[in-house]
Structure formats: C-alpha cells, structure tokens
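A.B. asks:
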Amino acid sequence: MKGLAAAATRFRVMAWLTGVVLGALTIWLVVGYGFLDYANTDVKPGLYRNLWTAHGWLYFIYLIVGVDLAFRVRYGLGKTVLILLAGTVPFMSFVAEHSVHKDVASRLATEEPS
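In my numbering, the protein residues as written are 2 to 115.
1. Span of the alpha helix (DSSP H) holding F61?
2. Just tell me which of I28, V31, T10 and T27 has its CA closest to the CA of Y63.
3. Should R73 go down as buried or exposed, given a rule of 16 or more other Cβ atoms within 10 Å for buried?
4. State the CB to CB distance for the pair E98 and A16, rounded to an integer number of angstroms; the pair is presumed to be in contact (CB under 8 angstroms).
5. Would you check if the region 51-71 and the region 84-98 touch, i.e. whether three or more CB-CB distances between them fall below 8 angstroms?
6. Contact defined as beta carbons within less than 8 angstroms: I believe G35 pairs with F95. What is the distance between those atoms, to the nearest angstrom?
7. Which of the three DSSP states is assigned to E98 in this structure?
8. Within 10 angstroms of its Cβ, does V101 collect 16 or more other Cβ (buried), or is it exposed?
9. Residue range of the alpha helix (DSSP H) that Y34 falls in?
10. For V90, which three-state DSSP category applies?
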C-alpha cells in the first residue's frame with residue numbers, strides 16, 4: 002500500500018479544512034438569515050460570499066484527495082460516495098475523517114514492514 006499514509010494525511014487535512022469552513026458558514030448562514038435579515042437585503046458581507054466560493058474550491062480538492070485515498074484503500078463505490086458526500090453536510094467530514102483514519106491506521110498497523 003504504497004503512499005497510503007501520505008494519502009490519508011492529505012485526506013485528513015482536507016476533511017478538516019472543508020469541515021471547519023462549512024461549519025462556520027452554516028452557523029453564519031443561520032445567524033444571517035435568521036437574525037440579520039440577509040433575505041431582505043442585497044448587502045451581504047464580501048467575506049461571506051468569498052468563503053462560500055472558497056468552500057467550493059476546498060470541496061473540489063477534497064473530492065480529488067478522497068478519490069485518491071479510496072483507490073489506494075480499494076473502498077467500494079458505496080463507501081467512496083458516502084465519504085465524498087460527507088464534505089457537503091455540515092460537520093460530517095469530521096465523522097468521515099475519523100472513520101477513515103481508524104481504518105487506515107489499522108491497515109497500516111497490520112501491514113508487514115518491507
């Protein structure tokens with residue numbers, strides 16, 4: 002399983018980045034539309050819009066890193082899709098990262114040293 006540890010680290014970093022940005026934006030969205038009247042105004046902070054764009058780019062990188070990891074670990078289609086979709090649900094990327102980390106750590110622990 003050449004490169005598995007590096008692929009797992011890349012996935013872990015992207016899962017955390019994607020999760021933190023999406024979580025913060027979700028809280029900001031609830032506050033903005035629930036209490037700050039974003040729905041009735043055209044004026045939203047530039048940072049708000051820019052962070053949604055940043056999340057889109059981070060998610061794109063998350064997808065690439067997730068597919069790379071799934072190929073290296075040889076996950077099935079169902080598990081791969083669930084891991085990839087976790088980046089679209091607030092705070093689920095943390096759950097996916099934890100699950101993947103446990104799985105990869107156990108695989109690396111049972112792997113024979115060469």
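Yeah, the Cβ is synthetic: ideal placement off N, Cα and C, and Gly gets one too.
C.D. replies: Well, looking at it:
1. G47 to V74
2. T10
3. buried
4. 4 angstroms
5. yes
6. Not quite, the Cβ-Cβ distance comes to about 24 angstroms (not below 8 angstroms), so this is no contact.
7. helix
8. buried
9. L5 to G35
10. coil
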